[in-house]
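In my numbering, the protein residues as written are -16 to 800.
Cβ atoms here follow ideal geometry from the backbone N, Cα and C, with glycine treated the same way.
This structure is a prediction, so every number in the text was calculated from the model and none was measured.
Written out below as structure tokens is the structure these notes cover.
Okay, structure coming up:
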């Protein structure tokens, strides 16, 4: 494609997007929803080299929603109520950026979250009527159903070389055991995420098939549901099959028509069993092994996919255990995984992603992020369940089919996320937007279904509230939060100032920290690898070939060992100086002293190299340099004790032993030769002669000949033994010289480990971190006071709401004559 053509197409797409949004805003919303769920922006960019239509459409829709709200053509009440909560989500992520290791990754995560929150608010802001929600559900069903149909056709015909402009892809991958096969990936590069998208969409066409007023739409929705179900099976995704079972059981629990749902559930399971390959179900059962290995401490063996998945999950658990409250930071899992993999002997080749949404949030955002995420989702699910019960009591079941379906979609997403990380967060926020919008519309419609009138049997306060609903106390979390913000603004500001002041005082009282850093360069040789591939040596552990990652992991463990820290403290003249920032030395045991010293260190691998970095932080710069220097000397000494053992004594003892054995053999040879000479001298005497032997028997020539042959055999045997000993001596001497040369080379020319870079102690810059701490404390104080007032108003409003609903139910049972 030429540059001119690309420019023209880009201009046409941009102009078309603006015109569509201005004249047909809801059509633009449905288009945006469809292209978001089908990954069209990425396909246009990567497959066809075109500009992303989503990048153009989202700002246009955002500006259009703001303008139409100001002109009172739109009433995005729910979106405005959720705006503070979405802002809180973003603030929690953004405030972690100054502390992270990889700032670029953290900024990328924060910008992606901001974009997804805008998508969420735009969709919630526009989808404010039942008609718009039904059209959005139809759009989702048709678009995902169409993509699934392309994938099923591709699988049925075997034409995997045709990807239908990027919307139907497949990969030939390992399935289970020795089985390999095609896995459908659709418009995404991974089959597991495509299966998650399909499963999350599946309940929506099923709901349309039951509740839509148009028979043609019902038939189309039924086709989409079947095609999506078949595509889920053909992705060979274990997580999707697990999610399918969870959604099926949740459907039975949420539905009041179990006699109708149960046959459909059985038919669906039969279809899955007929369409799915046997290897798919074997792969699903193998997921149990993943859970077993994750919960245990056994070595990871078996399926390569299981090995990699358990490795990253164990790393996520370790990160969460080390940083339980705030995590390692947004987008930092990939940065820290290599260090944890080296430290805990995990699979270094595994993709650096947690492979679980909950473990990813726990590792990167800690308990704070996990509580915010689960609180948001569980609150929405709880409100939806209450609305469904209320709607069923008011005989409003037909209007709640869509809410029930999207609730099942969210449950399916959460179930599949047990074994999938947040690679495509926009899907989650798009479904949550549809869920929240449907919840708001359904709840509002349910409240309007049973009008109230005055009744002499109702309490007076209930009659007043029935006639004038505006005086009702806030009975939902959103309304209570908004009311608390209005009524307690001054106290919230004072709380923010107070907490910010405490953080400022604590920052000023914190001593200045200095950090010194050293990098160790490794040239691994006989410690882990043979010198040449064909070298043969004794079983000294020198022929055990290991990977470079394992060698570095061993060195990392040695650096972090208790013995090295103990040797360091023993070398210090006054060890209490190294521990004065933790606790008085007199109150600590030896193990606690070592632990306290280890907390001063940060040992890591320099990515992409055979180097390890050691950083030490301490309030005194001179003491920091001394501590690090002493620590490195102790490490070198300990390493020499383990790897560079002086073998000269061994060689000397072996040589002396061989020489002594050879001397004994030579003495025996001399004796045998003397005896043979004596026998030979007797052969020169007459044929019949008496030989002075012990038995005093005459010996003839035949007997002398046999005796000579016997002595020759003994002499030959001893000479061979002598040759063996001398050969061993020569080989041992050569090996000793080789060892001495290697040792000399290692010590003088190329040491196995040496300090490649040393940075003197320098002051740690804490200005950005201090500002972030003060802001975080101020925001935390404001949120705390806001939460207390909101909880108070919510509890009071909830109590009055219960009384109000009872009064309304009583009034409806006794209508006016």
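- With contacts defined as CB atoms closer than 8 Å, residue 332 and residue 507 fail to qualify as a contacting pair.
- Spatial neighbours of residue 294 in its own chain (CB-CB distance under 6 Å, excluding positions within 5 residues in sequence) are listed in chain order as 329, 330 and 333.
- For residue 746, no alpha helix (DSSP H) encloses it; the enclosing beta strand (DSSP E) starts and ends at 736 to 746.
- CA-CA distance, residue 779 to residue 792, rounds to 20 Å.
- The stretch 112 to 125 and the stretch 171 to 191 touch, with no fewer than 3 CB-CB distances between them shorter than 8 Å.
- Taking residue 356 as reference, the option from 724, 400, 483 and 621 with the minimal CA-CA separation is 400.
- Rounded to whole angstroms, residue 45 and residue 108 show a C-alpha spacing of 9 Å.
- If you draw a straight line from the Cα of residue 175 to the Cα of residue 169, it comes to about 10 Å.
- Taking the Cβ atoms as the reference, residue 306 lies roughly 11 Å from residue 352, outside the contact range of under 8 Å.
- The criterion of a C-beta distance shorter than 8 Å is satisfied by residue 387 and residue 237.
- The beta carbons of residue 191 and residue 199 sit about 11 Å from each other, so the pair does not count as a contact at 8 Å.
- With respect to the 8 Å criterion, residue 738 and residue 583 are not classified as neighbours on the basis of their beta carbons.
- Rounded to whole angstroms, the Cβ separation of residue 549 and residue 577 is 5 Å, and the two are in contact under 8 Å.
- By the criterion of at least three beta-carbon pairs nearer than 8 Å, the stretch 32 to 41 is not in contact with the stretch 305 to 324.
- When only Cα atoms are considered, residue 701 and residue 552 end up about 59 Å apart.
- The C-beta separation of residue 482 from residue 764 comes to about 3 Å, placing the pair in contact by the 8 Å criterion.
- Each of 767, 591, 627 and 17 was checked against the Cα of residue 118, and the nearest Cα belongs to 17.
- Straight across, the Cα-Cα distance linking residue 64 with residue 586 is about 46 Å.
- Judged by their CB atoms, residue 486 and residue 756 are nearer to each other than the 8 Å cut-off.
- The three-state secondary structure of residue 138, taken from DSSP, is helix.
- Residue 66 is positioned such that its CB atom lies no closer than 8 Å to that of residue 758.
- Per DSSP, residue 501 is one residue of the beta strand (DSSP E) stretching across 497 to 505.
- The stretch 97 to 115 makes contact with the stretch 416 to 431: 3 or more CB pairs, one atom from each, lie closer than 8 Å.
- In the DSSP annotation of this structure, residue 596 is not part of any alpha helix (DSSP H); the continuous beta strand (DSSP E) holding it starts and ends at 594 to 601.
- As the crow flies, the alpha-carbon of residue 2 is around 53 Å from that of residue 592.
- Annotated three-state conformation of residue 99 is helix, per DSSP.
- Per the coordinates, the alpha-carbon of residue 180 lies some 17 Å from the alpha-carbon of residue 103.
- Of all alpha-carbon atoms in 775, 415 and 633, the one lying nearest the alpha-carbon of residue 116 is that of 415.
- The C-alpha of residue 143 lies about 48 Å from the C-alpha of residue 52.
- Under the criterion of beta carbons closer than 8 Å, residue 501 and residue 173 do not qualify as touching, at roughly 41 Å.
- Shown here for residue 223: same chain residues with a beta carbon closer than 8 Å to its own, the five before and five after excluded, namely 175, 178, 179, 181, 182, 215 and 399 in chain order.
- Looking at the DSSP output, residue 762 bridges to nothing.
- For the pair residue 498 and residue 612, the Cα-to-Cα distance works out to about 13 Å.
- Boundaries for residue 629: no alpha helix (DSSP H) harbours it, and the DSSP string shows neither H nor E there.
- Taking a contact as a CB-CB distance under 8 Å, the pair residue 777 and residue 427 does not count as one, their CB atoms being some 19 Å apart.
- Using a 10 angstroms sphere on the CB of residue 402, the tally of other CB atoms reaches 16 or more, which defines it as buried.
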